Amino acid sequence: MITEIEIERFKSIRALKLELGRVNIFIGGNGSGKSNFLEAIGIISAALSRGLSDSDFRRKGVRITPPALMKSAFKYQDLPRTFTLKAKASCDVQYTCTLSSSEIDTALSFSHENFQQSGEKLFARSTNGATAMGSRLKRGMDKYRGIWDQTRSIFDYPEEASEEIEKISKYAIYSPQTEFLRGRRVGSVDTPPIGLHGEGLPSAVRTFLHDLPVPNRTRKKGDRSDPEVTLVNRAAHLPFAPGWASSFQVGKLSELTTSSDMELANEDMVYFVDSFMHAKRNKLSVYDSSEGTLFLLFAAMLIAHKQSPKIFAMDNVDSALNPRLTRLLLDEIIYSTEAKSKYSLNRGPEQVFLTSHNPTSLDAFDIFDDATRIFVVSRSEDGETMIERLQPPSGMSPSEWHEVSQGRRLSEMWIDGEIEGALGNDI
Amino acid sequence: MRFGLVCEGATDFITVANFLSKALSDRGVSADFIDLQPGLDKTSEMNCGWSNALLWLKNNNLKQRQVSILGRGLFSGRLASKKCDAIIISLDSDCAADEGFLNFCKKHAEEIPEGLSHIDTVKRAIVNFSELSLEGAKAEKHVICAALHNSESWCVGVLPDDPERQVEQIPIEETNALLLAALSALPNAVLVDEGRRIKDRALRNDFCQANLGKIDHLIRRSGSFNQMLDDAREIAVA
Chain U
24 MITEIEIERF
34 KSIRALKLEL
44 GRVNIFIGGN
54 GSGKSNFLEA
64 IGIISAALSR
74 GLSDSDFRRK
84 GVRITPPALM
94 KSAFKYQDLP
104 RTFTLKAKAS
114 CDVQYTCTLS
124 SSEIDTALSF
134 SHENFQQSGE
144 KLFARSTNGA
154 TAMGSRLKRG
164 MDKYRGIWDQ
174 TRSIFDYPEE
184 ASEEIEKISK
194 YAIYSPQTEF
204 LRGRRVGSVD
214 TPPIGLHGEG
224 LPSAVRTFLH
234 DLPVPNRTRK
244 KGDRSDPEVT
254 LVNRAAHLPF
264 APGWASSFQV
274 GKLSELTTSS
284 DMELANEDMV
294 YFVDSFMHAK
304 RNKLSVYDSS
314 EGTLFLLFAA
324 MLIAHKQSPK
334 IFAMDNVDSA
344 LNPRLTRLLL
354 DEIIYSTEAK
364 SKYSLNRGPE
374 QVFLTSHNPT
384 SLDAFDIFDD
394 ATRIFVVSRS
404 EDGETMIERL
414 QPPSGMSPSE
424 WHEVSQGRRL
434 SEMWIDGEIE
444 GALGNDI
Chain P
1060 MRFGLVCEGA
1070 TDFITVANFL
1080 SKALSDRGVS
1090 ADFIDLQPGL
1100 DKTSEMNCGW
1110 SNALLWLKNN
1120 NLKQRQVSIL
1130 GRGLFSGRLA
1140 SKKCDAIIIS
1150 LDSDCAADEG
1160 FLNFCKKHAE
1170 EIPEGLSHID
1180 TVKRAIVNFS
1190 ELSLEGAKAE
1200 KHVICAALHN
1210 SESWCVGVLP
1220 DDPERQVEQI
1230 PIEETNALLL
1240 AALSALPNAV
1250 LVDEGRRIKD
1260 RALRNDFCQA
1270 NLGKIDHLIR
1280 RSGSFNQMLD
1290 DAREIAVA
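In order, the protein sequences belong to chains U and P.
Using the numbering used here, you'd call the opening residue of the first sequence number 24 and step up by one each time.
Using the numbering used here, you'd call the opening residue of the second sequence number 1060 and step up by one each time.
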């Protein structure tokens, strides 16, 4: 789990350091810099995965911005041609990379890298050369590929550190799009089990249903609960929350019930059984299903599929969802990360980053809980992105806060403008 | 010094925030203002501004205001947007002429005796709804103000006119006509229908900004603005 991110000179973020929780939601005005923060983690992930090419960024959901525009560019500020990203994570690991980003470069390149565990340098590079596990690397290092990717098969890195890198390197920013979920567009799945926009939904659902966990029979008598089964069941029920579908499956539907507008209309597709329709024609393909249901199915795959990344981001987590369903989805995400942590489950997300414009998303958060954090993103007068955690005043107890807030929900406070910056800058 | 303002609407807020900020600044008090009431939806906008303001006071009782606004606030650091040093409650005294005003006060707070002046009626309503007394309000860091007739009068106070004529002596119809003419002379007036200019936020702000230099005219010509200024300054320097 990433415990802290530090950013210098990346896009609208001039300088920023944030301590993170298991579930982190970023709210604020349009264009305040929420997505830039998610992308900064995406670049760290790419650097610890393969490197800095456009395809590496695309796989992470990071926009393919020209290198010269990656570094901050504020009026009246003469900033270096590099930007620096730093992540601290579990097992006392810390990774820092400084990337070169000038007008003459066609791609970003590494200027410096440094990976430490408990203060001990595992690999690094600078203008003086590169090292790994205490050895100086003789051959020239590719300046577009991370040291980790170039040395992981050569050196015997500590297991714990390798596992942390593995988790961070799988991070991606998911942003589901109706066209892919409905099957009107198809695309490759670079981020198993499902593409960043919903590509490969049928395959994800099929493997999910095929690989459902079996209840653990070794638990003590009388205890029928199995946390992994519970987590999967709860996630699998998400698409039913809108109230019209009773099950979902993957298979072929007859031509008569499949829209010719679908890209792969005669192949296996996800379909729902409608609770209200006649049993002879109650199967609805994704094309004819409600958008919110599809988004919830997408989220269920991310939450509970065995292949899902342990750390991921969902940009606009409330897409296509009404206020009640937004809250429900957030409840489920928080539940799944808690269960994953509490029971050390193989499934479930370890850490999630979210953005939202729907106030009810906040109602799933306890601002006294360090595991779930709300961050408000806004711009300073100079245009710099500022991010601040929403917390109660220092020393205030939950009961005092309840009294002072008069039992109002965070969503109401957001709408009523009581959270500075959350509604965006006033005109 | 940060003042939270409870008033009848957005244009009143803009007027008080601009003029009072300038007047206090001229007297050595640096002040900024925030609107304590949430923005209204279109349905509630149709209600009288005074009823929204009074109900806000009732729903945010004195103890709650003392903690969440004048005390530690709801959130830490920069995000405590409603945290203030003092609260100004400003209502237009012409609301006392509304047919339902006294009934509304009786229904939601306490009965107000008939026969009082408009200003005294409105001030009495404010203290009833806000759990304050006229004498003790400043000690609780509250400024109570009833503009005669309304905040539009304060706008007219900065316009060229007979300096000896108090704005309270100008009939309401003439007040509106004078303000409308001044607003219509602003460059951005072409962006707003004539019928909406008096209540247009951007236009009101343009007007106030353009006339800040004439704040002394208003101070000379309005007793209610002067009273608000004195009370706010007294709390600020205390």
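Using N, Cα and C, we set each Cβ at its ideal position, and we do this for glycine too.
Values in this document were obtained by computation on a predicted structure and should not be read as measured data.
Asked: CA-to-CA distance, residue 1221(P) to residue 53(U), given in whole angstroms; Found: 49 Å
Asked: As assigned by DSSP and simplified to three states, the class of residue 450(U); Found: At residue 450(U), the pLDDT of 36 sits below 50, so the modelled position is not reliable; the number obtained from the coordinates is stated separately. If DSSP states are grouped into helix, strand and coil, residue 450(U) belongs with coil.
Asked: Burial state of residue 99(U), where buried means 16 or more other Cβ atoms lie within 10 Å; Found: exposed
Asked: Alpha carbon of residue 450(U) to alpha carbon of residue 150(U), nearest angstrom; Found: Low confidence applies here, because residue 450(U) scores a pLDDT of 36, under 50, leaving its location unreliable; read the following figure in that light. About 47 Å.
Asked: Residue closest to residue 1097(P), alpha-carbon to alpha-carbon, out of 1106(P), 1111(P), 1087(P), 1258(P); Found: 1111(P)
Asked: Closer than 7 Å at the beta carbon, the chain U residues around residue 1141(P); Found: 441
Asked: Cβ pair count under 8 Å reaching 3, the stretch 295-313 of chain U against the stretch 331-342 of chain U; Found: no
Asked: Contact list for residue 413(U) against chain P, beta-carbon separation under 7 Å; Found: 1134, 1138
Asked: Chain P contact residues for residue 399(U), given Cβ-Cβ distances below 8 Å; Found: 1138
Asked: Cross-strand partners of residue 214(U) (DSSP beta bridge); Found: DSSP, once it has assigned bridges, lists no residue as partnering residue 214(U).
Asked: Per-residue contacts from residue 436(U) into chain P (C-beta, under 8 Å); Found: 1133
Asked: Residue 1124(P), buried or exposed, once every other Cβ within 10 Å from all chains shown has been counted against 16; Found: buried
Asked: Between the CA atoms of residue 308(U) and residue 266(U) - distance to the nearest angstrom; Found: 16 Å
Asked: Distance between beta carbons of residue 355(U) and residue 258(U), contact taken as under 8 Å; Found: 6 Å
Asked: Per-residue DSSP class, three states only, for residue 275(U); Found: coil
Asked: Per-residue contacts from residue 1123(P) into chain U (C-beta, under 7 Å); Found: 427, 429
Asked: Outcome for residue 1146(P) when other beta-carbon atoms lying within 10 angstroms are tallied against a minimum of 16; Found: buried
Asked: Per-residue DSSP class, three states only, for residue 150(U); Found: coil
Asked: Any non-hydrogen atom of the ligand ADP within 7 Å of residue 373(U) CB; Found: The ligand ADP is not part of the structure shown, which contains no ligands of any sort.
Asked: Burial state of residue 193(U), where buried means 16 or more other Cβ atoms lie within 10 Å; Found: buried
Asked: Residue-level contact to chain P via CB, residue 417(U), 8 Å cutoff; Found: yes
Asked: Residues that DSSP places opposite residue 1005(P) in a beta bridge; Found: Absent from the structure is residue 1005(P), since the part of chain P shown begins at 1060 and ends at 1297.
Asked: Nearest neighbour of residue 1141(P), chosen from 1177(P), 1243(P), 1283(P), 1061(P) [CA to CA]; Found: 1061(P)
Asked: Alpha-carbon spacing of residue 404(U) relative to residue 216(U), whole angstroms; Found: 42 Å
Asked: Element boundaries [alpha helix (DSSP H), containing residue 350(U)]; Found: 346-366
Asked: CB contact check: residue 1246(P) to chain U, cutoff 8 Å; Found: no
Asked: Residue nearest to residue 88(U) in terms of C-alpha spacing, selected from 71(U), 62(U), 102(U); Found: 62(U)
Asked: Exposed unless 16 or more other CB atoms sit within 10 angstroms - verdict on residue 437(U); Found: buried
Asked: Closest by C-alpha distance to residue 279(U), when choosing among 305(U), 135(U), 73(U), 66(U); Found: 305(U)
Asked: N-terminal and C-terminal residue of the alpha helix (DSSP H) that residue 37(U) is part of; Found: Residue 37(U) -> not in any alpha helix (DSSP H); beta strand (DSSP E) instead, spanning 36-42.
Asked: Stretch pair the stretch 1168-1176 of chain P + the stretch 1194-1204 of chain P: three plus CB contacts closer than 8 Å; Found: no
Asked: Of the listed residues 422(U), 409(U), 423(U), 416(U), nearest to residue 49(U) (C-alpha basis); Found: 409(U)
Asked: Sequence-distant residues of its chain with Cβ nearer than 8 Å to residue 1089(P) (five each side left out); Found: 1060, 1083
Asked: Any C-beta of chain U under 8 Å from that of residue 1219(P); Found: no
Asked: Residue 88(U) - DSSP class collapsed to helix/strand/coil; Found: coil
Asked: Sequence-distant residues of the same chain with beta carbon closer than 6 Å to residue 223(U), five excluded per side; Found: 212, 217
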